[in-house]
Amino acid sequence: MAENVRLKSTFSSPLKWKLVILPAVHPAQTHIMLLAPLANLLILRPSRHVIPTPDKERRLIPFRGGHLEIFVTRTGDPDVDPQYFTLAFPGTEGRAEKYPTDPLDQWSDIPGEIWTVNPPGYGKSTGWAKLSKLAKAADTVYRAFEREASGRPMLLSAFSMGTLSALHLAANQSVNGLILRNALPLKSVIMEHHGWKGLWLGTYFLTWEVPRALDALRNARRCNVPAVFLVSGKDEVVYPHLQQRVIDRYSGPKQVLQLPRAGHNTGLTKRERETYGQLLQWLRMRVLPPYACALNDRSAYVPQAIPQDCENGVWVA
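What follows is the structure in structure tokens.
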């Protein structure tokens, strides 16, 4: 999500008439009509260019007369069925083709499968990119994802804007665990970045365009599955204190990895990845059944640096 967004200052003649006439007819409805496209412009940064993905399988899921594009990656022995499934949601400028395969690469001894979603307007997913479509798109993919998992453990992984969809699903559907980086309370972020630009009241009206289904703070209170949160300490988009609001409201057991030197899109250092791996092992103990951990005569778990009875913890890499 870009912090500074330039909006077009020229309008067509019909829109000028709407700006003059509609407020006199019904001010509240007019605010909503005019701010809906503005909210999408400020927040969503879709792209449709082709990204080669030779190591991923492309699938299409029917959605509102069109389709949603997902990319599937599998690890482990190809002759062994996946023992767990992960559904992933990239950030507002991200794409499914480029999303990392965590936790597959951290749990390489267990066959697993990850589905990564391009929401409407991204990649080859049809339709326009709109906030109002994100929750419905997530629900649609989840139904296909759940059928494929067929009772096996299901995790959600998400980055920034994608955490809205992940928390929506975790609050309303059956999943086993979450991995979230830069969790996003969207209304708070809008007010923080654009409040003064809209003289606060105008920006407050803009937050009305965030669907209730994407209210991260509300959804976090309704989640009870184990979660790992990663917080970028120098995040210039989702400020750390805003991420903390989501973490504080999350009701399930959680481990938090603080990344003091990381910006919004900064990759993990070697030391950070080591600590992150330990947190994923904590999550693994809670979401994967015992039979999935000793395939191919490998050791079930690496030595644990995090006590397994620790339900909530904060770690600094």
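When we follow the working numbering, the leftmost residue of the sequence shown carries the number 1300, and every step to the right adds one.
Virtual Cβ for every residue (Gly too), placed ideally from N, Cα, C.
Bear in mind the structure is a predicted one, so any value in this text is a computation, not a measurement.
Check                                                                                         : Outcome
C-alpha gap between Trp1614 and Ala1470, whole angstroms                                      : 25 Å
Top-ranked residue by Cα proximity to Ser1407, from Gln1542, Leu1582, Gly1426 and Gly1375     : Gly1375
Short Cβ contact (8 Å threshold) for Leu1556 with Ala1616                                     : yes
Where the alpha helix (DSSP H) through Ala1387 begins and ends                                : Run containing Ala1387: none in the alpha helix (DSSP H); it sits in the beta strand (DSSP E), Tyr1383 to Phe1388.
DSSP three-state assignment for Gly1461, whether helix, strand or coil                        : helix
Cα-Cα separation, Gly1411 to Glu1396                                                          : 18 Å
Helix, strand or coil at Leu1403 according to DSSP, with G and I counted as helix             : coil
Expected contact under 8 Å - CB spacing of Leu1529 and Leu1558 to nearest Å                   : 6 Å
C-alpha gap between Ala1364 and Gly1612, whole angstroms                                      : Looking at the sequence provided, one finds Gly at residue 1364 rather than Ala. One C-alpha to the other measures close to 45 Å.
Ala1448 versus Phe1384: straight-line alpha-carbon distance, rounded                          : 6 Å
Burial state of Asn1523, where buried means 16 or more other Cβ atoms lie within 10 Å         : exposed
Environment of Thr1568 [buried if 16+ CB atoms lie within 10 Å]                               : exposed
Buried/exposed call for Trp1414, threshold 16 Cβ in 10 Å                                      : buried
Reduced DSSP category for Leu1513 - H, G, I as helix; E, B as strand; rest coil               : helix
The region 1480 to 1493 / the region 1453 to 1467 touching (three or more Cβ pairs under 8 Å) : yes
Spatial distance of Pro1381 from Leu1337 (CA atoms)                                           : 42 Å
Selected residue, minimal CA-CA separation from Ala1465, among Tyr1538, Pro1402 and Leu1386   : Leu1386
Minimum C-alpha distance to Pro1452 - residue among Val1474, Ser1550 and Ile1369              : Val1474
Top-ranked residue by Cα proximity to Lys1429, from Arg1585, Tyr1398 and Leu1341              : Leu1341
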